[in-house]
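First up is the structure itself, then whatever we jot down about it.
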Amino acid sequence: MLSRAAQVLTLADGELGPRAGAAQGALGLREQYSVVLQDGVIAWCGPADTLDRAAVDAGAGARDERRAEVEELDCRGKVIMPALVDSHTHVVWGGARKDELERRLAGADYEEIFAAGGGILSSVRQTRALPEDELYNQTHRRLSRMRAAGTTTFEIKSGYGLETETELKQLRVARRLQNEGGFRVRSTCLAAHAIPAEHRGSAEGRARFLALVTDEILPAVAREQLADYCDVFCDRGAFTPEETRVIFQRARALGLRPRVHANEFGHTGGAQVAAELAAASADHLLHLDARERAALRDAGVIATLLPGTSTVLGKPFADGRALVEDGVPVAVATDCNPGSCAFENLALVLALACYGCRLSPAEAVCATTHNAAASLGLARELGRVADGLQADLLVLETDDYRDLVYHAGSPLVHAVYQAGARVA
Ligand code: NIG
Ligand code: FE
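Residue 108 is where the sequence shown starts when you use my numbering, and the numbers rise one by one after that.
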């Protein structure tokens, strides 16, 4: 049991679907509440004074073998909130690109490095070369650090293979991180992340690679049930809206719902495609006008903002304020990847979403919990503090959740629970 918290952010008052507009900032904040965890789920959440101790103790006695769940944590002066959900990551990669980081800090441009065969293609070479077990071990360490910082659920994309064998290797690692590693994972095939070196430079090569994605990689991924979603990097220097439509058509037929890397470098059509296809999520959105926002809203697409990437690349921030005001539900994620943003701490990125994208602290909490879970189809299980939901919770070492933003980057996460067990 987590007892007598100064604040519990329940997010329990609104819709089950993604929250938009004023509802995005409604945290369902309760004071002096306790939360009872049993069998991995939230059994009760209510005023500390009305808790029936006898009932809790009886439940505890019957479950001695699950000590982690029944131990009492005194939460006086602390905050309880849903554990964070990172709905956009590329965490399965080999090698590093710290040389590129230094070049960019000295003035080199991300898109130019990419066009010259570095960037994503550098990670493709390093990921292809790494054996699966090594890839698994390195990513396990990465996710452990991310979980210690408050995230228990991860969306994980492939996209550093760009051929069948390595795309499947990355997605198998993602599945193993769930089945063997004990992390909550939803996975996404991002085979259309870039045209690989062996197919670059000619229209035929490009067509060959697109056919490889639609006729070989996606069917193999679907056959082995290795992904829940399909993503396309629809932007300048990557894939056109027409190519993106063709890939998603095939993905849809295979049961993979779209998520889109859209409008990072300009008004390049990705947001429009996301709206047309009612994608689960449109991500980045640095360049977005009122018409594009309306299209996303009307199609029920969640806008996923990645302010860590704007920070690292020195790019503009997505306009989170305009999205909220125009009624588009907003999620916020790390984008954790070897190039454009290797940040692992989603709580820090939550703060950047306030300073950069102008979300309020409450809106940013919803963006990294309930709305992120909704974008992964998990809103019934995660992202709120309510009876019957998975007991994935954070206890913060503060009596005011706004310190997540006020003291951005401070180690405020006191305890992390996943399915009722204390994991950090
Ligand atoms: O979301 N923009 C495209 N893909 C990634 C970056 C991948 C990389 O640089 O390795 C992103 O930022
Ligand atoms: Fe990304």
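For glycine and all other residues, C-beta sits at the position ideal for the given N, C-alpha and C. If you're wondering where the values come from, they're calculated on a predicted model, not measured in any experiment.
My output table needs one value for residue i: the three-state DSSP class, helix, strand or coil.
| i | result |
| --- | --- |
| residue 295 | strand |
| residue 66 | Outside the displayed range of the chain (108 to 531) lies residue 66, so it cannot be described from this structure. |
| residue 128 | helix |
| residue 422 | coil |
| residue 322 | helix |
| residue 122 | coil |
| residue 308 | coil |
| residue 261 | strand |
| residue 188 | strand |
| residue 140 | strand |
| residue 529 | strand |
If residue i sits next to residue j, beta carbons under 8 angstroms apart, how far is it from one beta carbon to the other, in whole angstroms?
| i | j | result |
| --- | --- | --- |
| residue 527 | residue 144 | 4 angstroms |
| residue 458 | residue 512 | 5 angstroms |
| residue 439 | residue 474 | 4 angstroms |
| residue 281 | residue 263 | 4 angstroms |
| residue 448 | residue 416 | 4 angstroms |
| residue 492 | residue 259 | So it is not a contact: roughly 14 angstroms between Cβ atoms. |
| residue 452 | residue 200 | Residue 452 to residue 200, Cβ: 18 angstroms. No contact. |
Take the Cβ of residue i as the centre, count every other Cβ of all protein chains shown within 10 Å, and call the residue buried at 16 or more, exposed below.
| i | result |
| --- | --- |
| residue 257 | buried |
| residue 183 | exposed |
| residue 114 | buried |
| residue 130 | buried |
| residue 499 | buried |
With hydrogens ignored, establish whether the beta-carbon of residue i is closer than 7 angstroms to any heavy atom of the ligand FAD.
| i | result |
| --- | --- |
| residue 445 | With respect to the ligand FAD, the structure offers nothing, as its ligand set consists of the ligand NIG and the ligand FE. |
If we ignore side chains and look at the alpha-carbon of each, how far apart do residue i and residue j end up?
| i | j | result |
| --- | --- | --- |
| residue 428 | residue 462 | 11 angstroms |
| residue 446 | residue 196 | 12 angstroms |
| residue 386 | residue 362 | 13 angstroms |
| residue 175 | residue 516 | With a pLDDT of only 43 at residue 175, under the threshold of 50, the placement of this residue in the model should not be trusted, and no figure is reported. |
| residue 132 | residue 418 | 24 angstroms |
| residue 436 | residue 373 | 21 angstroms |
| residue 173 | residue 287 | Bear in mind that a pLDDT of 49 at residue 173, under 50, signals an unreliable position, so the model cannot answer this. |
| residue 412 | residue 432 | 15 angstroms |
| residue 335 | residue 299 | 15 angstroms |
| residue 229 | residue 219 | 13 angstroms |
| residue 141 | residue 508 | 16 angstroms |
| residue 267 | residue 274 | 7 angstroms |
| residue 186 | residue 109 | 10 angstroms |
| residue 401 | residue 189 | 29 angstroms |
| residue 135 | residue 518 | 24 angstroms |
Sequence ranges, beta strand (DSSP E) only - wholly within the stretch 336–384, length at least 3: 336–341, 364–369
So within the stretch 401–464, which uninterrupted alpha helix (DSSP H) runs reach at least 4 residues, ignoring any that extend past its ends? 414–420, 427–432, 453–462
So within the stretch 172–250, which uninterrupted beta strand (DSSP E) runs reach at least 3 residues, ignoring any that extend past its ends? 186–189, 191–193
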